[in-house]
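Before any comments, here is the structure.
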Amino acid sequence: DTGVSQDPRHKITKRGQNVTFRCDPISEHNRLYWYRQTLGQGPEFLTYFQNEAQLEKSRLLSDRFSAERPKGSFSTLEIQRTEQGDSAMYLCASGRGSPLHFGNGTRLTVT
Amino acid sequence: DAKTTQPNSMESNEEEPVHLPCNHSTISGTDYIHWYRQLPSQGPEYVIHGLTSNVNNRMASLAIAEDRKSSTLILHRATLRDAAVYYCILRDVMDSNYQLIWGAGTKLIIKP
Numbered sequence: 299d300t301g302v303s304q305d306p307r308h309k310i311t312k313r314g315q316n317v318t319f320r321c322d323p324i325s326e327h328n329r330l331y332w333y334r335q336t337l338g339q340g341p342e343f344l345t346y347f348q349n350e351a352q353l354e355k356s357r358l359l360s361d362r363f364s365a366e367r368p369k370g371s372f373s374t375l376e377i378q379r380t381e382q383g384d385s386a387m388y389l390c391a392s393g394r395g396s397p398l399h400f401g402n403g404t405r406l407t408v409t
Numbered sequence: 765d766a767k768t769t770q771p772n773s774m775e776s777n778e779e780e781p782v783h784l785p786c787n788h789s790t791i792s793g794t795d796y797i798h799w800y801r802q803l804p805s806q807g808p809e810y811v812i813h814g815l816t817s818n819v820n821n822r823m824a825s826l827a828i829a830e831d832r833k834s835s836t837l838i839l840h841r842a843t844l845r846d847a848a849v850y851y852c853i854l855r856d857v858m859d860s861n862y863q864l865i866w867g868a869g870t871k872l873i874i875k876p
């Protein structure tokens with residue numbers, strides 16, 4: 299199965315530490331999205347890449363968040379100086395339009 | 765994107781049909797209706813989408829009201845594996861970025 303892969307599945311970190319998540323999309327998909335999901339809520343859009351270009355960023359993406367997609371393949375999402383409010387599931391999705399294919403997410407817990 | 769309204773939760777018996785409603789009274793002419801579902805501890809999964817006509821696929825059917833202000837996702841014979849949160853989302857076909865705006869969805873509980 300060559301679905302969307304996210305690593306790690308779980309991450310526990312102390313407040314103030316930096317964390318980085320990785321997403322490997324389906325290989326032929328040129329679009330890649332990051333979403334954040336908190337308990338009981340639907341996913342919230344964070345940012346979007348078309349190939350290697352980051353075309354849109356949500357206001358939710360503060361200066362502590364940065365995402366990259368070098369060479370238009372895998373993507374990384376880094377959170378600097380983590381805060382307890384960053385605790386959430388971080389979802390990656392890819393597609394060539396409709397529909398989106400999601401990974402199973404990285405669950406971040408900030409203690 | 766226009767908003768959707770869904771019940772917070774629904775219950776159904778196993779092997780019976782399930783009708784999940786969605787209201788989208790402010791839908792525009794270029795909005796597609798998309799349904800995704802999210803099983804426990806997994807990412808969302810695409811179910812079905814449509815514009816005006818009813819749609820069928822191997823997972824479900826989508827019935828769209830004539831005025832397009834509401835739609836219903838139909839699972840013809842629910843199994844325990846269909847227990848999930850179901851999201852109804854509108855996506856403007858003119859939105860080339862395909863940025864989806866999600867509500868809280870309907871939690872579907874299947875009773876054996």
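Sequence order for the protein chains is E and V. For the first sequence, counting from 1, position 71 maps to 369 in my numbering; every step adds exactly one. For the second sequence, counting from 1, position 41 maps to 805 in my numbering; every step adds exactly one. Note that beta-carbon positions come from the ideal geometry of N, C-alpha and C, so glycine has one too. Source: prediction; values computed, not measured.
(message) Considering only the alpha carbon of each residue, which of Phe372(E), Leu330(E), Arg313(E) lies closest to Thr409(E)?
(response) For the purposes of this step, residue 409(E) is identified with residue 111 of the first sequence, where counting begins at 1. When only C-alpha atoms are compared, the closest one is Arg313(E).
(message) Looking at the strands, I want to know which residues DSSP matches up with Glu376(E).
(response) Along the first sequence, one-based indexing puts residue 376(E) at 78. Bridge partners of Glu376(E): Thr318(E), Ser364(E).
(request) Using a Cβ-Cβ cut-off of less than 9 Å, give me the residues of the segment 336-360 of chain E that come near chain V, in sequence order. (result) Within the segment 336-360 of chain E, the residues whose Cβ lies closer than 9 Å to some Cβ of chain V are Gly338, Gln339, Gly340, Pro341, Glu342, Phe343, Tyr346, Gln348, Leu353, Glu354, Ser356, listed in chain order.
(message) Rounded to the nearest angstrom, what separates Tyr810(V) and Thr380(E) at their Cα positions?
(response) Counting from 1 along the second sequence, the entry for residue 810(V) is found at position 46. Counting from 1 along the first sequence, the entry for residue 380(E) is found at position 82. Roughly 31 Å between the two C-alpha positions.
(request) State yes or no: is the C-beta of Leu872(V) within less than 8 Å of the C-beta of Ser776(V)? (result) Stepping through the second sequence from its first residue, residue 872(V) is reached at position 108. Stepping through the second sequence from its first residue, residue 776(V) is reached at position 12. The answer is yes: Cβ separation under 8 Å.
(request) Could you name the residues of chain V that Leu406(E) contacts, counting a contact when the two beta carbons are closer than 7 Å? (result) As a position in the first sequence, residue 406(E) is number 108, starting the count at 1. Within 7 Å Cβ-Cβ: nothing; Leu406(E) doesn't reach chain V, min ~15 Å.
(message) Judging by CA-CA distance, which residue of Gly340(E), Tyr346(E), Phe319(E), Thr300(E) is the nearest neighbour of Thr407(E)?
(response) For this step, residue 407(E) is matched to residue 109 along the first sequence. Of the listed residues, the one whose Cα sits closest to Thr407(E) is Phe319(E).
(request) Could you list which residues in chain C have their beta carbon closer than 9 Å to that of Glu778(V), in chain order? (result) Among the protein chains in the structure shown, which are E and V, there is no chain C.
(request) Would you verify that the beta carbon of Glu755(V) is, or is not, closer than 8 Å to some beta carbon of chain E? (result) Within the shown structure, residues of chain V are numbered from 765 to 876, placing residue 755(V) beyond reach of any answer.
(message) Rounded to the nearest angstrom, what separates Lys833(V) and His788(V) at their Cα positions?
(response) By one-based count along the second sequence, residue 833(V) stands at place 69. By one-based count along the second sequence, residue 788(V) stands at place 24. In this model, Lys833(V) and His788(V) are separated by some 5 Å (Cα to Cα).
(request) Kindly indicate the opening and closing residues of the beta strand (DSSP E) around Gly393(E). (result) One-based indexing of the first sequence puts residue 393(E) at position 95. From DSSP, the beta strand (DSSP E) with Gly393(E) extends over 386-393.
(request) Mind the definition here: the segment 791-807 of chain V touches the segment 315-330 of chain E only if three or more C-beta pairs lie below 8 Å; say whether that holds. (result) no
(request) Closer than 8 Å by beta-carbon distance: list the chain E residues that pair up with Gln770(V), in chain order. (result) For the purposes of this step, residue 770(V) is taken as residue 6 along the second sequence, with counting starting at 1. What Gln770(V) touches in chain E: nothing, since even the nearest Cβ is about 10 Å away.
(request) May I ask you to list the residues that DSSP assigns as paired with Lys309(E)? (result) As a first step, residue 309(E) must be located in the first sequence, where it is residue number 11. Partner(s): Leu406(E).
(message) When you compare the CB positions of Asn772(V) and Ala868(V), do they come within less than 8 Å of one another, or not?
(response) As a first step, residue 772(V) must be located in the second sequence, where it is residue number 8. As a first step, residue 868(V) must be located in the second sequence, where it is residue number 104. Taking 8 Å as the Cβ cut-off, Asn772(V) and Ala868(V) qualify as a contacting pair.
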